[in-house]
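Working notes for the structure below.
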Amino acid sequence: MVTTVLSNKASSETVARVTKYIVHDRGAIVIPETLDGKGVNSDVIRSLIKVKHIDCGHVSCILTVKPYACNVYNTLFGGAVGSIAEFVAIACARTVVDEDKELFLGELNVSYLAPAVNQAEVMVDASVVRSGRNLTIVAIEFKLKDTERLTYLCRATFYNMPVASL
């Protein structure tokens with residue numbers, strides 16, 4: 001069990017507020033079973049994107065920013081950007097990596113350049129930069145559809161693992 005060490009400089013009000021934020025009272029918020037299971041995140045991400053074009057080493061999608069994927073500033077939540085980037089990168093990598101190999105995400109780099117606001121349409125383009133026997137690197141660009149302004153730049157590095165045969 002972890003013991004919290006309190007600073008003399010922090011007021012009890014601040015400590016209570018921070019503790020409530022970090023150690024959320026599960027009794028106050030009930031997560032429905034339909035939203036608390038395997039594959040739920042994938043379903044949420046799938047509901048945001050529509051496939052536009054698939055080619056060998058390239059996948060293009062249209063992302064529509066929905067309110068449930070926005071932060072308090074009414075822009076696309078950073079975690080959603082990362083999840084969408086990973087999702088599209090896996091799809092793109094699968095166009096060049098055989099089905100008998102498992103993809104393991106080794107690194108995901110996301111640069112936040114400009115926000116995408118609620119209800120904005122964003123073009124998501126993923127391209128394989130390098131693919132070898134053990135490694136696949138995918139670059140992902142997020143651009144606003146109407147202005148083509150670059151909003152997010154991502155790079156995903158996958159390790160191609162052979163599926164173990166038992």
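Numbering (the UniProt record's numbering), first residue to last: 1 to 166. Beta carbons are placed, not taken as given, at the ideal position from N, Cα and C, and that holds for glycine.
| Query | Result |
| --- | --- |
| Contact check, residue 45 vs residue 11, beta carbons under 7 Å | no |
| Which residues DSSP lists as bridging residue 124, in chain order | 61 and 142 |
| Nearest neighbour of residue 87, chosen from 68, 77, 59 and 55 [CA to CA] | 59 |
| Buried versus exposed, by CB contacts within 10 Å (16 or more), residue 63 | buried |
| Spatially closest choice to residue 104 from 135, 69 and 8, by CA coordinates | 135 |
| For residue 87, the three-state DSSP class (helix, strand or coil) | helix |
| First through last residue of the beta strand (DSSP E) which encompasses residue 132 | Taken as a continuous stretch (DSSP letters only), residue 132 belongs to no beta strand (DSSP E), as it is neither H nor E. |
| Backbone secondary structure at residue 68 - three-state DSSP | helix |
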